[in-house]
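A.B. asks:
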Amino acid sequence: MKKLFLIIGAPGSGKTTDAQLIAKNNTDCIVHYSTGDLLREEVASGSEQGKIIDGFISKGNLVPLDIVVSTIVNAISKAPKDVIIIDGYPRSIEQMKALDEKLKVQTQVQLVSVIEVQVSEEVARERVLGRARGADDNVEVFNNRMSVYLTPLKEIESFYQKANVLQTINGERSIEEIVAEMESFVKSKI
Numbered sequence: 032m033k034k035l036f037l038i039i040g041a042p043g044s045g046k047t048t049d050a051q052l053i054a055k056n057n058t059d060c061i062v063h064y065s066t067g068d069l070l071r072e073e074v075a076s077g078s079e080q081g082k083i084i085d086g087f088i089s090k091g092n093l094v095p096l097d098i099v100v101s102t103i104v105n106a107i108s109k110a111p112k113d114v115i116i117i118d119g120y121p122r123s124i125e126q127m128k129a130l131d132e133k134l135k136v137q138t139q140v141q142l143v144s145v146i147e148v149q150v151s152e153e154v155a156r157e158r159v160l161g162r163a164r165g166a167d168d169n170v171e172v173f174n175n176r177m178s179v180y181l182t183p184l185k186e187i188e189s190f191y192q193k194a195n196v197l198q199t200i201n202g203e204r205s206i207e208e209i210v211a212e213m214e215s216f217v218k219s220k221i
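Residues 32 to 221, numbered by the working numbering, are exactly what the sequence shown covers, in order.
1. Which residue comes first and which comes last in the alpha helix (DSSP H) that contains Leu96?
2. Work out the CA separation of Ala41 and Leu69 for me, nearest whole Å.
3. Given Glu214, which residues of its chain have a CB within under 6 angstroms of its CB, disregarding the five upstream and five downstream residues?
4. Check whether the Cβ atoms of Ser44 and Val148 sit closer than 7 angstroms, and answer yes or no.
5. Ignoring anything shorter than 4 residues or poking outside the segment 108-140, list the alpha helix (DSSP H) runs there in chain order.
6. With Ile116 and Phe36 assumed to form a contact (beta carbons below 8 angstroms), what rounded beta-carbon distance in angstroms separates them?
7. The beta strand (DSSP E) spanning Asn201 covers which residue range?
8. Assign Asp49 to one of two classes, buried (16 or more other C-beta atoms within 10 Å of its C-beta) or exposed (fewer than that).
9. Measuring alpha carbon to alpha carbon, tell me which residue in Glu157, Pro111, Ile107 and Ala155 is nearest Leu134.
10. Going by C-alpha to C-alpha distance, which of Lys33, Asn56 and Ile38 sits closest to Ala211?
11. Measure from the alpha carbon of Asn201 to the alpha carbon of each residue in Lys218, Lys185 and Val154, then state which is nearest.
12. Below 7 angstroms CB to CB, which residues in the same chain sit around Val222 once its five sequence neighbours on both sides are set aside?
13. Start and end of the alpha helix (DSSP H) containing Lys34?
Okay, structure coming up:
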């Protein structure tokens, strides 16, 4: 059975970098997917679905539920390793419930943990505006992305706490410290 770890955190929390490093350190057994990267790859492909996705991402809005869930489920089903880390999902209560429903009706994948990388809004803002990777890294879009992240957060935390799979990690330390703690936690669960 494949073991699934979800990593959530504010924009700029470092969740993608953390997950990439853990997968890189464990290429024999762990594969990582970033929800954002999966969606950006679809945009870059120039497909019709990519154009639809781009219309949402460019404004900092959530991509429609059916598109995100199908993208995630597709990545999980094609994963070449038995331990899968996906960062940036879920970002809404609807995304959380949709994945939960998909996982309930199958036996190939087990959600082992949801790891929340916690950072203050100030730290997130400094990181995002400091890196400015693309058109979606400006103050207005950051503020919207932060609001989109924070609005459902309490309910998402509560849902995963009740399921006994929520793990929080302080994201305001060095990358080395965060990755060491997260990697140790993931390995303890596989």
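Ideal Cβ positions, reconstructed from N, Cα and C, are used throughout, including at glycine. Only a predicted model underlies this, so the values are computations on that prediction, with no experimental measurement involved.
C.D. replies: Quick answer:
1. Where Leu96 is concerned, the enclosing alpha helix (DSSP H) stretches over Leu96 to Lys109.
2. Their backbone Cα atoms lie some 18 angstroms apart in a straight line.
3. Correct list, in chain order: Ile53.
4. The answer is yes: Cβ separation under 7 angstroms.
5. Fully enclosed alpha helix (DSSP H) runs of no fewer than 4 residues occupy 124-135 of the segment 108-140, in order along the chain.
6. Contact holds; Cβ gap of about 5 angstroms.
7. Leu197 to Asn201 is the span of the beta strand (DSSP E), which, as asked, contains Asn201.
8. With 16 or more other Cβ atoms within 10 Å, it is buried.
9. Ranking the options by Cα distance to Leu134, first place goes to Ile107.
10. Minimum Cα distance to Ala211 is reached at Asn56.
11. A check of alpha carbon separations from Asn201 across Lys218, Lys185 and Val154 identifies Val154 as the nearest.
12. No answer is possible for residue 222: it lies beyond the span of the chain, which begins at 32 and ends at 221.
13. No alpha helix (DSSP H) holds Lys34; the beta strand (DSSP E) holding it covers Lys33 to Gly40.
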